[in-house]
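Participant: Below you will find the structure I want to go over with you.
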């Protein structure tokens, strides 16, 4: 069945349903990468409270740990959410809407993963080094994450979208 010319944008010839299917497949591939990372990080975080070193941490470090674990749990929920969303609405003929909501959950999950990684790095460097430069190191890594995850893609989106 031929698609509506220009329906998918960027020179694609696809129907709304074909576009939603393609976008869903692309989104699932993206989620697989982020989901694996957040699950591994979250799993390691959960084990920390059961180590002997944990009980010797300062109250500040324990608070950072708790915040980090909660952020990791939230990121895990947001990044697994699209799979549950798809399963619950499957067969209801609302794939374009499902793609939109799954993309929102994924973006939220990435923001939460960013916060989790930053907080985990802060905790590890505080405990490992007790160095006053730790906030600066963490700030530098956060800036790197922001550059790689958001600034560069937004720059490319603006630059190359404007040229078309």
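Numbering (the numbering used here), first residue to last: 82 to 245. From the three backbone atoms N, C-alpha and C, an ideal C-beta is built for every residue, glycine too.
Is it true that the CB of residue 156 sits closer than 8 Å to the CB of residue 194?
Facilitator: A contact, by the Cβ cut-off of 8 Å.
Participant: Excluding the 5 residues flanking residue 201 on each side, which residues of the same chain have their C-beta closer than 6 Å to its C-beta?
Facilitator: 149
Participant: According to DSSP, simplified to helix, strand and coil, what is residue 100?
Facilitator: helix
Participant: So, under 8 Å CB-CB, residue 230 and residue 186 are touching, yes? Tell me the CB distance rounded to an integer number of Å.
Facilitator: Contact doesn't hold; Cβ gap of about 16 Å is too wide.
Participant: Can you list, in chain order, the residues of its chain with a C-beta nearer than 6 Å to that of residue 114? Leave out the 5 residues immediately preceding and following it.
Facilitator: none
Participant: For residue 161 and residue 116, which I take to be in contact (beta-carbon distance under 8 Å), what is that distance rounded to the nearest angstrom?
Facilitator: 6 Å
Participant: Leaving out five residues before and five after residue 199 in sequence, what residues of the same chain have Cβ atoms less than 8 Å from its Cβ?
Facilitator: Residues of the same chain with a CB within less than 8 Å of the CB of residue 199, apart from the 5 flanking positions on each side, are 219, 222, 223 and 226 in chain order.
Participant: Given this structure, state the Cα-to-Cα distance separating residue 164 from residue 109, to the nearest angstrom.
Facilitator: 8 Å
Participant: Between which two residues does the alpha helix (DSSP H) holding residue 229 run?
Facilitator: Neither: residue 229 is in no alpha helix (DSSP H) and is coded neither H nor E.
Participant: Between which two residues does the alpha helix (DSSP H) harbouring residue 131 extend?
Facilitator: Note, residue 131: premise wrong, no alpha helix (DSSP H); not H, not E.
Participant: How would you call residue 240, buried or exposed, if buried means at least 16 neighbouring beta carbons within 10 angstroms?
Facilitator: exposed
Participant: Between the alpha carbons of residue 206 and residue 233, how many angstroms are there, rounded?
Facilitator: Residue 206 and residue 233: Cα-Cα distance of roughly 27 Å.
Participant: Do you know offhand how far residue 196's Cα is from residue 119's?
Facilitator: 11 Å
Participant: Just to confirm before moving on: does the CB-CB distance between residue 179 and residue 166 stay below 8 Å?
Facilitator: yes
Participant: According to the neighbour-count rule (16 or more other Cβ atoms, all chains shown, within 10 Å of its Cβ), is residue 137 buried or exposed?
Facilitator: exposed
Participant: With the cut-off set at 8 Å, would you say residue 129 and residue 135 are in Cβ contact?
Facilitator: Yes, the pair counts as a contact, with Cβ atoms nearer than the cut-off.
Participant: Excluding the 5 residues flanking residue 98 on each side, which residues of the same chain have their C-beta closer than 6 Å to its C-beta?
Facilitator: none
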